[in-house]
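To start, the structure itself, in structure tokens.
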Amino acid sequence: MKEKMTLLRDRLNDLSRRNRSIRMLKVYNKWTFDLNELEKVDLETSGIVNNLVDQRSQRIVKSKADDEESMVLSNKLTTLFRNINSIEEETGLYDFYLGYPFLEGSMSDGTYVRAPLFLYPVRLERVKRHGVEWHVTPIDGEEPQLNRSLFLALQKFSGLHVTETLFEEAEEKSASNDLSMLAEWLKSHSLQTAVDEDESFTRVRSYTKEEIPTFAKGRFRLKKQAVIGHFPQGNSALLKDYEEFLKRIDEGDTAFGMVSDLLMLEGDESPHEVDNLPSGESSFEEKLEKEKSKFLVLDTDASQEQIIESVEKEKGVVVHGPPGTGKSQVIVNMIANAMANQKKVLLVTQKRAALDVVYQRMDALGLSSNIALLHDEKNDRNVLYKKLHSLLSSTEGYEKLEKELSDISTRLVKAEEKLNDIAGGLFEVQPHGYRAYDLYGKSKPAKEQEAILKLQGVLGDLDKHNLEDVLMHIFSYARYYDRFGQKDYPLKDRKSFSALEMKDRVEIIELFEKIIKEARESKEHLEHFEDESITPEYSWQVDEKIEKIYDDLTAEEKKTLQKLRLWVWTNFTGKTIIEELLDGEKFKGTSSKDWPVLRKSLSILYELSKVSERMKHNVSELKNYFSEERVDYFQKRISEGDIPLSTLETQLNFVTEDFDELREMDRMYDEGSKAVQTMIDQLKEKEISADLENRWKDIAEQSAYIYWIDEAERKHPSLSKVGTNDVEYTRRHLKELLEKKQKLSIRLLQNQMAEVLQGFLTHNSKVAKEIRHQTGKKRKVWPVRKLVNEYALHGLTDIMPVWLVSPDIVSAIFPLEENMFDLVIFDEASQCTVENGIPSIYRGEKVVVAGDEKQLPPSSLFKGSVEVDEDDEIDDIEESESLLNLTKRVLPSHLLEWHYRSKSEELINFSNHAYYGGNIQIAPNVHHLKDPASLQWHKTDGRWLNQRNTVEAKYVVQLLKEKLIEDHTKSIGIITFNAKQQEAIEDEIDRLSEEDQEFAVIYDQVMGKDMDERVFVKNIENVQGDERDIVIFSIAYAKNEEGRVYNRFGSLGMQGGENRLNVAVTRAKQEIHLVSSIEPSELNVTNSKHDGPRHLKAYMEYAQAVSKLKKERIESVLTDLNEEMNTKRQNDSLHFDSPFEEEVYNSLTKIGYKVDTQVGMSGYRIDMAVVHPQNPDRYILGIECDGAMYHSAPSARERDVYRQRFLESKGWTIARIWSRSWWKDAPSEVERIDQMVRKMVEEERVREEVRTS
């Protein structure tokens, strides 16, 4: 631990030794200006210094075209002015002072020191008055101060004991011009100081390391030298914290809480990722308690809410916030939520702008009264003290809102449960494997259901995995049944052939052939008789009687005995038969002429009885193959003499031809499951003729779906309300409740803080009185650090629980107490070094680290304390590890998913796919073919000379003028890729302001606005955190005098240089104008070591494609950047999440609408968008179905409120079509959408008429 703490301290020390506030070796034009130079224009340095010390403004230079010296000095001051203003815009700090006198000497360790003793706060002003005048003006209300950085360095390296008394005395001593008196004062504090012999003001010489003068160790002298410039006072307080850390370690205290967890991290651990899925099911009471403890004061989304919930559960959280994804929004909600739960919060960031955004949002909500903003101790003190004094003088009362909170939270949870139950019902996978959503899509519309099977006994045997097999079984069976199952099919009444073999086929055929043969004979015998009463049945009745004389009937010669038998038989035994055959006529005897005929008839009748008897027996054998009813039917006909010869012949033919297929059909049935057999049995009873196999399959399938739908709706009764007014009311009600809860949260916070304040005034009246006294003083005002150290642990942080500060301020004003704050939040943490962040983390119980590792890392390029010239071409810059990079290896990480900044998706799509894998959710464009595009390409014919392109600079400034005149209410930023091009554009703006009155007036008007509305000109190093309506890029790279394009990219070509490009291309809210003097193809990036140059070339290609509305080229560029992401719009190949969505599409196109599907180029797509009937360049309506995008949302808020609100904020009108509503009544849904579109078109027409009338 000690080694790591020492390393972090030494990183700060290295910076401090190069800090011009301690060791100013040279006078750099961009950082300082030596007032002694003014003697070149006949101004006395002493008079200027005296005026400034006495708080009087001083004009120092007036540029004159005919005075070269004044022009040179004015140019130097211009460089200084621009840099100081840029730093103020970037950091919020205006560390600009008159430094006088100078202390020069050697510390005890031999380190050379030269720096101002006192720092007098002044402001450098440029006044346009018949040329340019330069003024230095003391800042009202800000007192001179001792150079704290210098004296803390002396304390460390020279062992000087520096007390607060020294700093308190400094204010009085700074008014003196007597160097001898000042030297004596310093000696009284153990600093051995002499006075320079030269009593006049001298210039500050620039030294190389070899030229540094030699001093005895611990000896110093005061010199009459005066410099105006940037003298930052940071890091000194941080160093003090590290010294205290090391002291505690030496004393055996190594338990530093989360700091220990971070610093003792071994190796390169993988990031701890978490998903945004909801946790397990909670009871209503648990949900209610959670809701009652949630206080969100700004609109939010699911990813933001997930982060806020994680803060409650985890000791720390890392928030990855890509550009424009609502980082400040979630921080405000996080702070409000913590405040409402009576927690103390520290928001820490290097950048003033980031603190201002949070403060302004809280202020707009009426929640800033108990929030301290202190980014710069000296500049922010007065505002803070006024606020504290006013707060402690307040007598404002408060009201109890707990009951109202409980009531609205209860209604919120109930509404959410209702909608969540619908989503759960729709997307819960049922035991059979389908979700209700799937079933609504697969099932025919309810009104089209024509038949249903009773599946109660077999439904449990069906599921998603076997249904298709069951249906194919039924389909295949139906194809046979369509031929063999019809009523008129001859073999309809057969028994199952499934168990039969080929020998059975032969036996059946043989049997039929015998029967047919016998049928023919019987039929022939029957034809002999004209009397229909003569039937086989009759023959069976008389055959025994006839049999007695049958042999006598056929004998040629009749013997006496035979004659006697015939006579007896004809007169007695067979008399009735004879009468039947003679049809009642009298028999005349065997000798009559009638006897031969009669004798023949008796023979045939007997033969009939025998052959028909055999036929009857053989037919009974058919019972093995045919139903008893069928066999009985045959036998009945046979007995009645209606021999079914043709039927039998037909059956024989069909058995012969169809046996194999009949057997296959019957086997198919027998081998089928119980469900298959049950369904087939019921289907056979349906009166279906045409297209039998498809109809059977459809009925079986739809029956299963209907039963499953009924099951799901019994389990989730709320499903039956989908698409009704009840559900739409609940959705609207949830939205209204969230809005009410948001407003109530603000009121509750205000009341809660008022209650805390009244309690403090009542129970800590003495402390309150003391703080009120100290913050109301006009003279001898305590430094903030003294006030905070005195009262922080005695109630100050109770009434002021939220502090918005820089890392330096944390160490400067707060005691080094562990867990002093409940929550420490870092913003822009990718730019915060570990050494800057650790002291703040130590003071917190929990930490949230918010930033974006795809944006700028910590870098010394723009730190004002370091003497580095970023204009040099750079191979690599040594960068400290960012706090974000360290903490993401220890703490769970969350991604802010929704992009809010850019009005058009083209402004953010490149970044999304190049840097974030397409994971940012971006609203698609309503104006999908907007011309001109939101990203425009401008080509100039510039040249690259002296690391700048002046032709392009002129074009950029002319474009700036056009845009300001076109709409001066839109904010504009200009971004360059190196400092010299930035300077060239700033020079051109100055020149045009002098020469063009129209431009000067409008430009000055815009520059008089708030900082975040002014025109800025910056290079890619320092635009992080900025945003403007319009951004103009000056690529600047161009052919040189020799016609060659040199591929030197400065910091863009460094490792991580692509992150600088990412920051730059994501600053615009409405438009980007890319100005270039070369085509993308002229950039040769083949040999680039890092991705920055390659991404720049790709971005130029992308900008060209967008500007020319070449969608295929846009998609090609983005796909090259992110191959895994399908970026294509679904124009050529339609894509649907379900059959239901495809039906919606087909129905809408059928009535004449052009509809695009899966609209968008990020992970978020709108299911369908209807193109405006009268304007093909834009969509009039977005349609969201309850499919994949709906299901992917983790909560009802996300599904039913946040997403729609997000899309509506981007200009969309959204209609929802529920799968169940479509299933119930698709035509009504089509009619509803059609009426919506017609109404919108009509309303637009009326508005246009009103506008133009």
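Per the numbering used here, residue 38 is the first one in the sequence shown, and the count goes up by one each step.
All C-beta atoms in this analysis are idealised placements derived from N, C-alpha and C, irrespective of residue type, glycine included.
Identity of the residue in S629, D703, V825 nearest D718 by Cα: Comparing C-alpha distances from D718 to each of S629, D703, V825 shows the shortest one belongs to D703.
Terminal residues of the alpha helix (DSSP H) in which E1108 lies: Judged by DSSP secondary structure, E1108 falls outside any alpha helix (DSSP H) and instead within the beta strand (DSSP E) spanning 1105-1113.
Per-residue DSSP class, three states only, for V713: DSSP, read as helix, strand or coil, puts V713 in helix.
Own chain residues within Cβ distance below 8 angstroms of G881, not counting five before or after: Cβ within range, chain order: M295, L383, N856, M857, F858, D859, L860, V861.
Segments of 4+ residues assigned as alpha helix (DSSP H) that fall wholly inside the region 777-835: Correct list: 802-813, 821-828.
Buried/exposed call for V1274, threshold 16 Cβ in 10 Å: By the Cβ-count criterion, V1274 is buried, with 16 or more other Cβ atoms from all chains shown falling within 10 Å of its own Cβ.
Whether K58 touches A207 by CB criterion (9 angstroms): Checking the sequence shown, residue 58 turns out to be Ser, not Lys. Cβ atoms of S58 and A207: not closer than 9 angstroms.
First and last residue of the uninterrupted alpha helix (DSSP H) at P1259: The residue you asked about is not Pro; residue 1259 is Trp in the sequence shown. Unbroken alpha helix (DSSP H) run through W1259: 1256-1289.
Burial state of P250, where buried means 16 or more other Cβ atoms lie within 10 Å: Exposed: under 16 other Cβ atoms inside 10 Å.
contact_flag[the region 1198-1206, the region 496-510] where n(CB pairs < 8 angstroms) is 3 or more: Touching, no.
Three-state class that DSSP yields for F691 in the structure shown: Helix.
Of the residues R1051, P158, A556, the one placed nearest H654, counting alpha carbons only: Ranking R1051, P158, A556 by Cα distance to H654 puts A556 first.
Contained beta strand (DSSP E) runs [length at least 3] in the region 55-142, N- to C-terminal order: For the region 55-142, whole beta strand (DSSP E) runs of length 3 or above, ordered along the chain, are 69-71, 95-99.
Top-ranked residue by Cα proximity to K1106, from E943, A1142, Q1195, K1145: Nearest option by C-alpha distance: E943.
Alpha helix (DSSP H) segments (min. 4 residues) lying fully within the region 177-252: Counting only runs of 4 or more, we get 185-195, 201-210, 216-224.
For E776, the nearest candidate out of T148, E1095, I445, F133 (CA to CA): Residue I445 is the option with its Cα nearest to E776.
Rounded C-alpha distance that separates T1013 from V1267: Between the C-alpha atoms of T1013 and V1267 there is a straight-line separation of about 52 angstroms.
Classification of V241 by the beta-carbon crowding that lies within 10 angstroms, buried from 16 upward: When all chains shown are included, V241 counts as buried.
Beta-carbon proximity list for S941, same chain, < 6 angstroms, skipping 5 on both sides: If we look at S941 and ignore the five residues flanking it on each side, its Cβ neighbours are N962, S971.
Status (buried if at least 16 other CB within 10 Å, exposed otherwise) for E910: Bear in mind that a pLDDT of 37 at E910, under 50, signals an unreliable position, so the model cannot answer this.
Three-way DSSP call (helix, strand, coil) for Y992 in this model: Here Y992 sits in helix by DSSP.
Cutoff 7 angstroms; reference K455; Cβ partners in own chain excluding five residues on either side: Excluding the 5 residues flanking it on each side, K455 has same chain C-beta neighbours closer than 7 angstroms at S755, T767, in chain order.
DSSP-derived helix/strand/coil call for L982: L982 falls in the strand class under three-state DSSP.
Exposed unless 16 or more other CB atoms sit within 10 angstroms - verdict on Y65: Around the C-beta of Y65, 16 or more other C-beta atoms lie within 10 Å, and the residue is accordingly described as buried.
Rounded separation between V1295 and H1209 - CA only: Because residue 1295 is not part of the residues shown, which for the chain are 38 to 1290, the question remains open.
Helix, strand or coil at M1205 [DSSP, three-state]: Note: M1205 maps to strand in three-state DSSP.
Buried or exposed by the 16-neighbour rule on C-beta atoms within 10 Å, applied to D912: Low local confidence applies: a pLDDT of 38 at D912 is under 50, so the model's placement there is unreliable, with the coordinate-based value given in what follows. Result: exposed.
Which listed residue (T1250, V1052, L1001, A960) has its alpha carbon closest to that of T362: Among T1250, V1052, L1001, A960, the Cα nearest to that of T362 is on A960.
Nearest to A1292 (by Cα), restricted to the options E1058, A231, K600, H267: The displayed coordinates of the chain run from 38 to 1290. Any statement about residue 1292 would go beyond what the structure contains.
Option in G1062, E865, R1257, A849 with minimal Cα separation from H357: Answer by Cα proximity: E865.
Three CB pairs or more closer than 8 angstroms across the region 1112-1128 and the region 1045-1055: Not touching, per the Cβ criterion.
Cβ-Cβ distance between L130 and R389 below 9 angstroms: If you check the CB distance, L130 and R389 come in under 9 angstroms.
T627 CB to nearest heavy atom of the ligand MG below 8 angstroms: Annotation note on the ligand MG: not contained in the displayed structure, which lists no ligands.
Boundaries of the beta strand (DSSP E) in which K165 is found, first to last residue: Per DSSP, K165 belongs to the beta strand (DSSP E) from 149-165.
W1249 versus F1243 - alpha carbon distance: Whole-angstrom Cα-Cα distance: 9 angstroms.
E1138 - containing alpha helix (DSSP H), residue span: Run containing E1138: 1128-1144, per the alpha helix (DSSP H) assignment.
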